[in-house]
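Data first, discussion second: the structure below is written as structure tokens.
Residue numbers (the numbering used here): 977 to 1381.
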């Protein structure tokens, strides 16, 4: 049995452009939250662990909601899901601006914003792309979507810092919430859902998940993706504060996050291009191994603007380059019909890693006054993830009912 891809309601280039802008806005906003660590904790009297817990819950809520957001996009269409997600995301960020205490901040910044990110995420955008893009071009198009997310990070990091410097952290969040509402009109271009050929079984959520989880390579992929989330969330949330602790200015922290986003444009495009030519699992193993080496090198040298930007450039090349390869393997294993849901399950593992990385960073800092232990854990996890990806088989799951288009 096969699955047919939907003919897009608008021309394919416009679908890709609209989806990339949504990915840039959604991920760029999320990538700017680390800039608020110092002003929010100082103004509200929160500890690093309390702020880190709110961000950790955000990542966990994002991960828990992502499979359901993907399943809704698979069934009802990405456009509707993205529009709803844009509203929830904007409300969560707006709520952050007026949260007076830890509990309220955890609810708005953590739960509401996390759910909004999931429903308006680049995962839902890539599910839409997977339905309308030919199989041989999916890896590269996934790379384009991931690069657009990185471009958003490059834009929103200095923009967010500029808003904070000019208007204060509360009004900065208000302006960002307004920008998030642009997702609503853009989502109209991503209408449509995947259709099965006549007579094909429409598997329930749990049955499709059960069949997918029975495939060993998928399980390894899901487990390895935990490490990606750990690295990204820890660096994104705690790196600006870490650099200030090392004697650098907050502007260096914001530009470090921006440089990561800039170089990941190249890394994501290169990853998507290589993913259509080389074994994806070996590329993923190389990425995690290089991350471990890069973090170790960063810790060996005294922190300066040069080493911060050099680390950001190197990490940027490896930042979201895992995403097109992981998404590409999911569609290769199971086809596009349940791509939103099954990539969402993998992304849940990613976000559990994000939860641990963000929370552990705040906890270790409060306990020791430094982030060193978390950096060392990041090195060990990178090496472990590299080893996990090597045994993955790059082939279609023969026991799954659906086949790639």
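Glycine is no exception: its CB is placed at the ideal position from the N, C-alpha and C atoms. Only a predicted model underlies this, so the values are computations on that prediction, with no experimental measurement involved.
Query	Result
Tell whether a beta-carbon distance below 8 Å holds between residue 1220 and residue 1284.	no
Short of 6 Å in beta carbon distance, which residues of its chain neighbour residue 1023, apart from the five on each side in sequence? Order them along the chain.	1342
Which ranges does the alpha helix (DSSP H) cover as unbroken runs of at least 4 residues, wholly within the region 1140-1172, from first to last along the chain?	1145-1156 and 1159-1162
Contact check, residue 1326 vs residue 1205 under 8 Å by CB: the rounded distance?	4 Å
Relative to the C-alpha of residue 1158, which candidate in 1301, 1058 and 1246 has its C-alpha closest?	1058
Closest by CA to residue 996, which one among 1126, 1035, 1217 and 1073?	1126
Going by other Cβ atoms of all chains shown within 10 Å of its Cβ, with 16 needed for buried, is residue 1408 buried or exposed?	What is shown of the chain runs 977 to 1381, which leaves residue 1408 out entirely.
Give me, in chain order, the residues of the same chain whose beta-carbon lies closer than 6 Å to that of residue 1321; leave out the 5 immediate sequence neighbours on both sides.	1043
What's the gap between the Cα of residue 1142 and the Cα of residue 1151?	12 Å
Taking all protein chains shown into account, decide if residue 1102 is buried (16 or more other Cβ within 10 angstroms of its Cβ) or exposed.	buried
Alpha carbons only, please: which of 1324, 1310 and 1114 is nearest the one belonging to residue 1190?	1310
One question on the structure: do residue 1324 and residue 1046 come within less than 8 Å of each other, judged by their Cβ atoms?	no
Looking only at C-alpha atoms, which of 1289, 1018 and 1029 sits nearest to residue 1235?	1289
According to DSSP, is residue 1190 part of a helix, a strand, or is it coil?	coil
What separation, rounded to the nearest whole angstrom, lies between the Cα atoms of residue 945 and residue 1067?	Because the chain is modelled from 977 through 1381, residue 945 falls outside the range shown and cannot be assessed.
Could you check if residue 1223 is buried or exposed, using at least 16 other CB atoms within 10 Å of its CB as the buried criterion?	exposed
So for residue 1381, helix, strand or coil by DSSP?	Residue placement at residue 1381 cannot be trusted, given a pLDDT of 40 that sits under 50; the coordinates are not used to answer.
Around the Cβ of residue 1079, are there at least 16 other Cβ atoms within 10 angstroms (buried) or fewer (exposed)?	exposed
Helix, strand or coil for residue 1369? Go by DSSP, reduced to three states.	coil
Does the beta-carbon of residue 1277 have 16 or more other beta-carbons within 10 angstroms, so that it is buried, or is it exposed?	exposed
Would you mind sorting residue 1021 into buried or exposed? The rule is 16 or more other CB atoms within 10 Å of its CB.	exposed
Label residue 1253 either buried or exposed according to how many other C-beta atoms from any shown protein chain fall within 10 Å of its C-beta, with 16 as the threshold for buried.	exposed
Can you tell me whether DSSP reads residue 1176 as helix, strand or coil?	Confidence at residue 1176 is low in this model, with a pLDDT of 41, below 50, so its placement is unreliable and the value that follows should be read with caution. Residue 1176 falls in the coil class under three-state DSSP.
Using C-beta distances below 6 Å, list every residue in its chain close to residue 990, excluding the 5 sequence neighbours before and after it, in chain order.	1165
With a threshold of 16 other CB atoms inside 10 Å of the CB of residue 1084, please say whether the residue is buried or exposed.	buried
Compute the distance between the beta-carbons of residue 1347 and residue 1214, then report whether it is under 8 Å.	yes
Who are the Cβ neighbours of residue 1281 in its own chain at under 6 Å, not counting the five residues just before and after it?	1228
Quick check: the region 1239-1255 against the region 1112-1120, are at least 3 beta-carbon pairs closer than 8 Å?	yes
Hey, residue 1329 and residue 1198: beta-carbon distance below 8 Å or not?	no
Using C-beta distances below 7 Å, list every residue in its chain close to residue 1115, excluding the 5 sequence neighbours before and after it, in chain order.	1248, 1251, 1252, 1300 and 1304
My guess is that residue 1292 and residue 1243 are in contact by the Cβ rule of under 8 Å, so how many angstroms apart are they, rounded?	6 Å
So residue 1067 is in the alpha helix (DSSP H); what residue range does that whole segment cover?	1054-1073
Report the three-state DSSP secondary structure of residue 1136 (helix, strand or coil).	helix
Excluding the 5 residues flanking residue 1349 on each side, which residues of the same chain have their C-beta closer than 6 Å to its C-beta?	1340
If you draw a straight line from the C-alpha of residue 1210 to the C-alpha of residue 1041, how long is it?	21 Å
Assuming residue 1212 and residue 1007 make a contact with CB atoms under 8 Å, what is their CB distance in whole Å?	6 Å
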